[in-house]
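4 protein chains.
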Amino acid sequence: MKSLWLGRVKDSVADRGRDLLGLRSHNKTAVSIEKLCLALLSEKGEASGTALAREVVLHYSRMSQSEKIAFFELLNTRFGPDEEAIIRAVDRYKESPDPDNYLALRKVSEPARQKLFRRINIAPNGIQAIVAMRADLLGALASYPDLRVVDADLKYLLKAWFNRGFLVLQRIDWGTSAAILEKLINYESVHEIQSWEDLQRRLASDRRCFAFFHPALPDDPLIFVEAALVKGMSDSIEPLLDEKTPVLNPADADSVIFYSINNCLKGLRGISFGNFLIKQVATELAREFPGIKLFSTLSPIPLFKRALNNPEIFTEERLVALLGDDLKPICDAAGDQNVMAAIEKLLDEPLLHEDIIADPLQRLALAYLACAKREDKPYDPVAFFHLSNGARIERINLFANMRGRGMEESAGIMVNYRYIPDDFEANHEAFVHHNRINLSKKLQKNFRALHSLW
Amino acid sequence: MKSLWLGRVKDSVADRGRDLLGLRSHNKTAVSIEKLCLALLSEKGEASGTALAREVVLHYSRMSQSEKIAFFELLNTRFGPDEEAIIRAVDRYKESPDPDNYLALRKVSEPARQKLFRRINIAPNGIQAIVAMRADLLGALASYPDLRVVDADLKYLLKAWFNRGFLVLQRIDWGTSAAILEKLINYESVHEIQSWEDLQRRLASDRRCFAFFHPALPDDPLIFVEAALVKGMSDSIEPLLDEKTPVLNPADADSVIFYSINNCLKGLRGISFGNFLIKQVATELAREFPGIKLFSTLSPIPLFKRALNNPEIFTEERLVALLGDDLKPICDAAGDQNVMAAIEKLLDEPLLHEDIIADPLQRLALAYLACAKREDKPYDPVAFFHLSNGARIERINLFANMRGRGMEESAGIMVNYRYIPDDFEANHEAFVHHNRINLSKKLQKNFRALHSLW
Amino acid sequence: MKSLWLGRVKDSVADRGRDLLGLRSHNKTAVSIEKLCLALLSEKGEASGTALAREVVLHYSRMSQSEKIAFFELLNTRFGPDEEAIIRAVDRYKESPDPDNYLALRKVSEPARQKLFRRINIAPNGIQAIVAMRADLLGALASYPDLRVVDADLKYLLKAWFNRGFLVLQRIDWGTSAAILEKLINYESVHEIQSWEDLQRRLASDRRCFAFFHPALPDDPLIFVEAALVKGMSDSIEPLLDEKTPVLNPADADSVIFYSINNCLKGLRGISFGNFLIKQVATELAREFPGIKLFSTLSPIPLFKRALNNPEIFTEERLVALLGDDLKPICDAAGDQNVMAAIEKLLDEPLLHEDIIADPLQRLALAYLACAKREDKPYDPVAFFHLSNGARIERINLFANMRGRGMEESAGIMVNYRYIPDDFEANHEAFVHHNRINLSKKLQKNFRALHSLW
Amino acid sequence: MKSLWLGRVKDSVADRGRDLLGLRSHNKTAVSIEKLCLALLSEKGEASGTALAREVVLHYSRMSQSEKIAFFELLNTRFGPDEEAIIRAVDRYKESPDPDNYLALRKVSEPARQKLFRRINIAPNGIQAIVAMRADLLGALASYPDLRVVDADLKYLLKAWFNRGFLVLQRIDWGTSAAILEKLINYESVHEIQSWEDLQRRLASDRRCFAFFHPALPDDPLIFVEAALVKGMSDSIEPLLDEKTPVLNPADADSVIFYSINNCLKGLRGISFGNFLIKQVATELAREFPGIKLFSTLSPIPLFKRALNNPEIFTEERLVALLGDDLKPICDAAGDQNVMAAIEKLLDEPLLHEDIIADPLQRLALAYLACAKREDKPYDPVAFFHLSNGARIERINLFANMRGRGMEESAGIMVNYRYIPDDFEANHEAFVHHNRINLSKKLQKNFRALHSLW
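Protein chains in written order, with this note's numbering: chain L, 527 to 980; chain Y, 527 to 980; chain Z, 527 to 980; chain V, 527 to 980.
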């Protein structure tokens, strides 16, 4: 069957429509975005519908930052909800909360911009434009907080459109198009991809990379995860990132290590796929490699150093208790009586002071992961993500990432969050309802000794 | 790039989830659909999310008609809007119609079933299930009118998901899968497809068939149109339906005749694509065959006979005026003084009475198309569809469809609605805003003579 | 990556070339096929190469039967080997059989038509044309035996082109294009496909159909096999052909029955793929359904009746010995003292005489399969095919195909040839080198009793 | 339709076969390649056929250079033609050159290795192995010239398999897989690709890259051509190679410049596709961009400097005549009375001496292209290739490639060979049959002045 992708056809429809509307490109400024949007919402024919949608997209793409803000304000006011109509509907509903009045209330409380966004989607590449629009809007929210109602509408729509039921899991490998691979290079922010050669190593036969795609955005991965097939649970990031690491025969692997997961489209912020992705990929790999016994991440603890320096989290009292007899050797070795300063100093040359600092660091990290909270949930966002997925903290690895950010943020520590399919459900429930932090047996034992010190 | 379609993967995720939930299939009745839906909406983990969604779909698929009604009622009440919460939100909004209160109102006025539908979509084939659900619901609305609020929600969601921006135009031909072609056979209701051989003729090289598909339903055409490449504007359906009609060399054609357009999925009723489809196909064919000069339909006027027999439309006075001097010959030939009865009789053997009946029939049909209205719009639904698309009535063809329904409903008459790209916009506007019926020059002339007689 | 199939591009190249050559289609007769072939072989440019090849194909497609014969004769003589040049090369080779003279001999002994066929392949659909040409040629060989040298060249080339290394195994199901499915309907000659509904049943979820394709002929299956997933080894064809047979859940099947295998392109006669196909499909199905324990055919014994009536095979003496005590009851029941005539009579109503005829029929069939030979190999071609593949005769099923041809040719008997992967090699060797007929244990036992009677 | 690529299936078949044969991989050395090849040629079953073929491929892939030579010698002798049998067949043919004896002669003169190669092709990736084998063999021919008969067989087979009728033209762009793009980087030898960024510029929207693929080698381009859409016929390579060159809107282009064409697989040497490729791509681009008026190459003249220094080509007499009055200024400027030495010196800083050297260089280059011959054909291989394709020499561009090899070999000169579809045929014929060098009008005029000086 020949497939005529809409893009091409829509372009023609749009071309004709533009001609009819006198929207010639040499005449760009003649029509304001407001008029275009009003026309797009009005009773215009389909032909002009596609043409108008394209003009809106084109117009928007040429806007300066300040013009975009003005456009968002327009969406907020001119295309916002009709307050008076809502009041009227509200009154009728209060009088009689019957289905008719309920539907009328719902209808009237949906602002015109919702319909506008839906119509813009008809344009060639309309969905890209809308996602880009939300990325711009999110960037503006800090300075223009009133725009968050506009964002609420955009997010609502995108959530419907990017329903996970529509997403397609695709493997990414060296046979993938350069256009998509280039996006991986651009979007990888956990462990930056240095070059095409670096990327090629990450896609070798002992690696797996999977992404979610939306069928209307076939060249735009929404989120991707990188995994390594290894022997034994990885305790250091270096072998996973080093291009020179010999390629393992996948048949010899017993473990899968997820070492990076990245969202790609800023405009989809708050619409989460990550949890789903890891589990699907684990399912997929379990099928491909029946010999795999362990699925785990190797993850940073990005707020650990910040927490260490936060006296409300690591109070003087807690620090002293947790460090115990190690307190003195640390201060002595560092030549500094301030505990935090001493630790910082030793961490400048961690391997030199391994014997002094290793045990205390393990304890501090475990206490941080298990006890440091924000509204009853883990203070660390990565811990929160994996624990809420139903994973458990399997192991804390010291000196596991000595590269820049790894040291600065996580004190070189990386954590294995282990995914055990049979435990997802129970772990997740215990975490969500009882704030339970799931730990491996060994960490549980360690934790019992620490618990009372926090 | 290897594409792992979600279906397969989701099935595994769902399998595992089902195990965890104790939702074994031998235990089907153990869990009520209400509990499943509540669980699906609750804070369950993702794994069980997919599993639960699948269970809901499975459960639903096994329901009897009465169980389905009970389920819809459940959606209407248990998963409907929270009246009290709305009242509270309404009060706060009236107090202060600020963004926060506005968003709160919108949030609370969205019923739980909306979220439920979105989560059901996660199931393997969830979208099919939801579309099928709406088809069932539509069938029940007549007897259970209170369910229309549930339908409003379903329709709202499906409208978002089936946004035309996501639809893909595909050509259907003999190289298309039998699974899809079988659906054409099943869904074609304008001119039934008698056999695979009939279908094959309709897909020969002088024919074109196009359909819209949604990427998540690759085997389900949403709507399809059948077109014939011919010489001259067709004035009869027979050559288009006759399997024996010789295949024309497409290069020799000067006209495209759209002779059938069918919606496929009952569950998408009210979400229209037809208008868009005809125009895109015309654009596509204009590109493929630069020699094509005319795009037109050959359409029935399905309510003509009913209108003729409706004394509120064709009043005695109008009939007499429109028939004029032809009145007597008709009654004489039929041996019946009742005009309508006489006409009916002559139509039993139309070709025998061609000379008596042809002119009056032309006049009646033109009057019907141009003057018979329902709320200021054409009484005939097919006329309404094409006129609102911006087409014009080009020609009225007598004795154009002598087959059963063609005679019974349309008195054998078929109409050419002509699509002239340059006129779409103006025609559409004139029709929408001024109720103008666009006619070809010749029909305009004829119409001037009739106008005052209505 | 956009793929521009050669067909389309070549058409353009060919169009231009045709213009240059003055080969306009209104001028078809102006150029003889001989001139076209000479030009195609000559030092013409590439553009005209493609154009010329297309003209040859076009010319050929319009030829009458007698013109085709004339063309083949032309290939035999005008484009045949250069006898004098061969004699010269032969002389030089005899003088000195060195590499140069050897290569020269080979070069000169290749006739011009070989190169011609290779160049015709450049035409759009050239390969189809060449395969069709050979089909025509094969049809003419009986009357024109001298053309077999031309056929030898064609076959040689096609054997190279259709090397199994290039063939692609594809599953055929209801999702396959109607164009391909139609070919199945046309080519199935073992058990005719009665209708599209019949075909659909044969492609249901408890059936599998696979075909080999050549990449240059994506719409032309070369050979296909139909298999049924069943419980227990099938002993009758009826349930496999009956559209009403309930669809089995594939997970419940323990056996795969190959019940039909058909070659499609007559032009590829003598280039066998069947053996390879059954084994690959068995491998494929063993992977898909680990629970399958048995792979077997259900096959006719198409020359059985002919052999029975052939007194050189079933001699009077053998018949009497094989029938033994059953001889009299048979003749009595039939009221005919001629053994063969008696058997024929009883077979008219086989089930009525089951108790009399069953045992003798088993013996006759087993003797036929195991003892009736042609040049030391099984007389029955189907037996020869499966035995040479390494299968064994597993069971002889009486009254297994009561339909027309089944009774006429095979006396209603069908045979299970069982494929046991671990035995292929040894069976094949024993069959090829020692003419051993491999039998199941039970049949071996039966055979020991019969052996001396032949 | 699900497509089960043979590779996967064949691997399984091969696996089973290997088991049967006891060809376990830990036992590699147990079986010699000779035995494997003999087995592959013998009456083994199909299952072992695939397994054996794979073993041969595996064996070969592990061979050292000297083992490969030994293997080729084996092919030459053990699997070469049967001399005695040929002599016998030869004798019979001389006695009676009838079809039977002719076919017998042909059959016997085909060596066993031909069949062996055909059977190796059954292995997974067999075709790759055979192409690689020929690449190795070609590398060895210089030292082992007797192996050329083996090469003749390999080439013969590959020529049949890679018949242009089977090749598929595909566009290569940034949406192509990295695996294929990497091959472009590796194989581009005319103008090396420096980096992925360089490649990306060469695949931008004002560039086109096309390659021929064989369906059995979907990831291996056989030959590719790079073209630029530009305004006006390019006279310098720099803007085409510079990553910084602004991307032209393709709609603004009037010319296509082919600036690089590369064969990829060494093992296909002598099987030419280039001529066909340029014409097909020109046809394709003419369709895509109706505004393109000119198709031309920008090519080096790689043997120009070598010819200049070859006193048999540029004899003293010719040089003096061609340089005329420019002789003295050149020698003066260079301070060297040896003409060639003087020219070389000035070419060290060509732009500095442009006014002195430009005219003479034009004359020398034109004389070289039009008059320097080898066996009546152009001495320059690039000129030979394009002229034999039917192109004409349009313009000679000085200082067109100042990069290393461009200066060293071509003295910085590049030539536009122009492809005018309507002239292909006549040009090609004139070139092939009459050795005519086709020149643009302007160059023809210049040439008339030079002609008598050579």
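The beta-carbon is built from N, C-alpha and C at its ideal position, and this holds for glycine as well. Only a predicted model underlies this, so the values are computations on that prediction, with no experimental measurement involved.
Under 8 Å, Cβ to Cβ, is there at least one residue of chain Y near residue i?
i, result
"L707 of chain Z", "yes"
"A737 of chain Z", "no"
"A704 of chain Z", "yes"
"V657 of chain L", "no"
"S635 of chain L", "yes"
"K554 of chain Z", "Note that K554 of chain Z scores 44 on pLDDT, short of 50, meaning its location in the model is unreliable; the coordinates nonetheless yield the value given after this. K554 of chain Z does not count as touching chain Y."
Starting from the Cα of residue i, find the closest Cα among the options and give me that residue.
i, options, result
"A891 of chain Z", "Z:N915, Z:I882 and Z:S936", "Z:S936"
"Q888 of chain Z", "Z:L848, Z:H912 and Z:Q654", "Z:L848"
"F739 of chain Y", "Y:R974, Y:R697 and Y:E723", "Y:R697"
"P765 of chain V", "V:L743, V:D724, V:A909 and V:G793", "V:D724"
"R944 of chain Z", "Z:R733, Z:L965, Z:D746 and Z:M659", "Z:L965"
"F815 of chain L", "L:F830, L:G793, L:N775 and L:G796", "L:N775"
"P855 of chain Z", "Z:P886, Z:N647 and Z:I827", "Z:P886"
"L631 of chain Z", "Z:F802, Z:D608 and Z:G916", "Z:D608"
"Y713 of chain Z", "Z:A704, Z:R733, Z:I749 and Z:G850", "Z:I749"
Quick one: using the 10 Å Cβ neighbour count with 16 as the cut-off for buried, is residue i buried or exposed?
i, result
"S982 of chain V", "Because chain V here runs from 527 to 980, residue 982 of chain V falls outside it and cannot be looked at."
"T809 of chain Y", "buried"
"A975 of chain V", "exposed"
"T576 of chain Y", "buried"
"K709 of chain Z", "buried"
"A737 of chain Y", "buried"
Tell me, please, whether the CB atom of residue i is closer than 8 Å to any CB atom in chain Z?
i, result
"T576 of chain Y", "no"
"G701 of chain Y", "yes"
"L1002 of chain V", "Limits of chain V in this structure are 527 at one end and 980 at the other, which puts residue 1002 of chain V out of reach."
Taking Cβ to Cβ, would you say residue i is nearer than 8 Å to residue j?
i, j, result
"G665 of chain Z", "V583 of chain Z", "no"
"V782 of chain Z", "F821 of chain Z", "yes"
"L791 of chain V", "H717 of chain V", "no"
"F784 of chain Y", "V751 of chain Y", "yes"
Can you find a C-beta in chain L that's less than 8 Å from the C-beta of residue i?
i, result
"R674 of chain Y", "yes"
"N961 of chain Y", "no"
"Y713 of chain Y", "no"
"Y1010 of chain Y", "In the structure displayed, chain Y extends from 527 to 980; residue 1010 of chain Y sits before or after that span and is not available."
Taking any Cβ of chain C, which residues in the stretch 722-735 of chain Z have a Cβ under 8 Å from it, in chain order? This model lacks chain C altogether; the protein chains it does include are L, Y, Z and V.
At 3 residues or longer, and completely inside the stretch 893-938 of chain Z: list those beta strand (DSSP E) runs for me, N to C. Those beta strand (DSSP E) runs which fall completely within the stretch 893-938 of chain Z and span 3+ residues are 918-923.
Could I get the ranges of all uninterrupted beta strand (DSSP E) runs contained in the stretch 766-794 of chain V, with 3 residues as the minimum, in chain order? With a minimum length of 3 residues, the continuous beta strand (DSSP E) runs that stay inside the stretch 766-794 of chain V are 781-789.
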